[in-house]
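Chemist: I'd like to ask some things about the structure below.
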Amino acid sequence: MQIRSESPQTPPGQAVVLRGHHLLCQFGFRGYGYSPAFVENMRNILAFLREHPETMVECVDGPDSLCAAYPAEEPNHCLEPSVIARDRAVLSQLATTAGTRQPWARLVEAAAHAYVAEDLTTLCATCEWLPLGYCQMGLKQFKAGKHSRSAPP
Ligand code: SF4
Numbered sequence: 001m002q003i004r005s006e007s008p009q010t011p012p013g014q015a016v017v018l019r020g021h022h023l024l025c026q027f028g029f030r031g032y033g034y035s036p037a038f039v040e041n042m043r044n045i046l047a048f049l050r051e052h053p054e055t056m057v058e059c060v061d062g063p064d065s066l067c068a069a070y071p072a073e074e075p076n077h078c079l080e081p082s083v084i085a086r087d088r089a090v091l092s093q094l095a096t097t098a099g100t101r102q103p104w105a106r107l108v109e110a111a112a113h114a115y116v117a118e119d120l121t122t123l124c125a126t127c128e129w130l131p132l133g134y135c136q137m138g139l140k141q142f143k144a145g146k147h148s149r150s151a152p153p
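Counting in the working numbering, the sequence shown runs from 1 upward without gaps.
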């Protein structure tokens with residue numbers, strides 16, 4: 001299923017869909033994104049997951065519930081091989097595979113356990129958001145127990 005910003009609900013038994021590398025991006029979300037609609041969608045989904053950490057999340061190596069709000073007029077990078085490779089690298093590091101479902105809280109803890117901030121320098125070398133440093137900072141804060149587990153900014 002694709003959670004949309006206007007309806008952040010998860011019907012019983014269904015999972016939110018997230019691509020592997022977005023498990024890391026969420027640490028660095030500071031209210032910036034590809035468009036206002038993208039940001040709103042991401043904020044709503046993260047707020048929902050943080051309020052309901054038991055929510056089942058289906059991991060994928062391709063477009064997900066966040067990509068669903070990627071602006072249609074922008075060059076679409078959601079299917080770029082390098083982005084898919086990043087998904088697969090993260091899922092492999094978490095010892096899971098595309099198509100599996102796990103609770104949100106367990107996935108986030110696993111991602112934080114599997115990576116240190118410095119890893120993003122190579123893993124995310126081609127990402128335009130990397131130089132801002134928010135993802136590295138957010139991962140460090142989460143590992144230190146200082147990252148907000150409540151609604152995102
Ligand atoms: S640097 Fe880019 S790809 Fe890497 S975690 Fe941050 S937003 Fe995601």
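Even glycine gets a Cβ: it sits at the ideal position worked out from N, Cα and C.
From a predicted model like this one, the values you see are computed outputs, not experimental measurements.
Just to confirm the assignment, what range does the alpha helix (DSSP H) spanning Gln-102 have?
Modeler: Along the sequence shown, read from residue 1 onward, the residue named residue 102 stands at position 102. No alpha helix (DSSP H) contains Gln-102, which is instead part of the beta strand (DSSP E) from 101-103.
Chemist: Do you know how far the Cα of Cys-25 is from the Cα of Ala-125?
Modeler: Numbered from 1 along the sequence shown, position 125 holds the residue referred to as residue 125. Numbered from 1 along the sequence shown, position 25 holds the residue referred to as residue 25. Roughly 13 Å between the two C-alpha positions.
Chemist: Using 8 Å as the threshold, is the stretch 57-76 in touch with the stretch 35-45, meaning 3 or more CB pairs across them?
Modeler: yes
Chemist: Spell out a yes or no on whether the stretch 43-60 and the stretch 99-116 are touching, meaning 3 or more CB-CB pairs, one atom from each, closer than 8 Å.
Modeler: Yes: the two stretches touch, three or more of their Cβ pairs being nearer than 8 Å.
Chemist: Report whether the distance from the Cβ of Leu-120 to the nearest heavy atom of ligand 1 is below 8 Å.
Modeler: Residue numbering aside, residue 120 sits at position 120 when the sequence shown is read from its first letter. Correct: Leu-120 has its Cβ closer than 8 Å to ligand 1.
Chemist: Which stretch, first to last residue, makes up the alpha helix (DSSP H) that contains Val-83?
Modeler: In the sequence shown, counting from the first residue as 1, residue 83 sits at position 83. From DSSP, the alpha helix (DSSP H) with Val-83 extends over 81-93.
Chemist: Are the beta-carbon atoms belonging to Ala-98 and Leu-107 less than 9 Å from one another?
Modeler: As a first step, residue 98 is located in the sequence shown; it is residue number 98 there, counting from the start. As a first step, residue 107 is located in the sequence shown; it is residue number 107 there, counting from the start. Taking 9 Å as the Cβ cut-off, Ala-98 and Leu-107 do not qualify as a contacting pair.
Chemist: Leaving out the 5 sequence neighbours to the left and right, which residues in its chain are closer than 7 Å to Gln-136 when beta-carbon positions are compared?
Modeler: For this step, residue 136 is matched to residue 136 along the sequence shown. Taken in chain order, the residues that qualify are Ala-117, Leu-120.
Chemist: Could you give the residue range of the beta strand (DSSP E) that holds Glu-128?
Modeler: Position 128 of the sequence shown, counted from the start, is the residue given in the question as residue 128. Careful: Glu-128 lies outside any beta strand (DSSP E) and carries neither H nor E.
Chemist: Looking only at DSSP bridge pairs, what is Arg-19 linked to?
Modeler: In the sequence shown, the residue the question calls residue 19 occupies position 19. Its beta-bridge partners are Val-60.
Chemist: Please indicate yes or no: does the CB of Arg-86 lie closer than 8 Å to some heavy atom of ligand 1?
Modeler: The count along the sequence shown starts at 1 and reaches residue 86 at position 86. Checking every heavy atom of ligand 1 against the Cβ of Arg-86, one is found closer than 8 Å.
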